[in-house]
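Numbering (the UniProt record's numbering), first residue to last: 1 to 114. Built from N, CA and C at the ideal position, the CB exists for glycine as well. Note that the structure is predicted; figures quoted are calculated from it, not measured. Comments concern the structure below.
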Amino acid sequence: MPDVELNVSTASQEGHTVVTAVGELDLYTAPRLQAALAGLLREKVDRIVVDLSGVEFCDSTGMNVLLAAMKRLKEQGGSLELAAPRPAVKRILQVTGLDTVFTVTDAAPAMDAR
């Protein structure tokens, strides 16, 4: 099995939380993103932006993690947004029709440099 890595970090920014994923989001690495999102849901964060600009690949497991988090967040009255997906990830969103389910923005969230 190849050594595939996914790094996930979170940062609070102006009323929302940015979750940045870098690497490949698949069956083996999705639990890492799922754990980060579940932690934010427990904290009752109401707006999450998932920065996908560093995600090179995403399979159905990764999409399901994002979908489940969005559903739970909506149930809590919040929202989940996907930011800056690379062409390969954007294509998966389009092929599956999930580009109409998720709020997708082309720009990565601006992080405070302070």
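- Query: What distance in whole Å lies between the Cβ atoms of residue 66 and residue 41, which are believed to be in contact at a cut-off of 8 Å?
  - Reply: The pair is not a contact, with the Cβ atoms about 13 Å apart (cut-off 8 Å).
- Task: Kindly indicate which three-state DSSP category residue 10 falls into: helix, strand or coil?
- Result: strand
- Item | Residue interval of the alpha helix (DSSP H) (run including residue 91) | 87-96
- Item | C-beta contact flag for residue 47 and residue 79 at 8 Å | yes
- Query: For residue 107 versus residue 84, is the C-beta distance shorter than 8 Å?
  - Reply: In contact: residue 107 and residue 84 (Cβ atoms closer than 8 Å).
- Task: Compute the Euclidean distance between the alpha carbons of residue 71 and residue 37, then round it to the nearest angstrom.
- Result: In this structure, the alpha-carbon of residue 71 lies about 12 Å from that of residue 37.
- Taking DSSP as the reference, what is the three-state secondary structure of residue 65? Here residue 65 sits in helix by DSSP.
- CB-CB under 8 Å to residue 23, same chain, minus the five flanking residues each way: which ones, in chain order? 4, 5, 6, 7, 29, 54, 55, 56
- Query: When you compare each of 76, 21, 58, 94 to residue 50 by their alpha carbons, which one comes out closest?
  - Reply: 21
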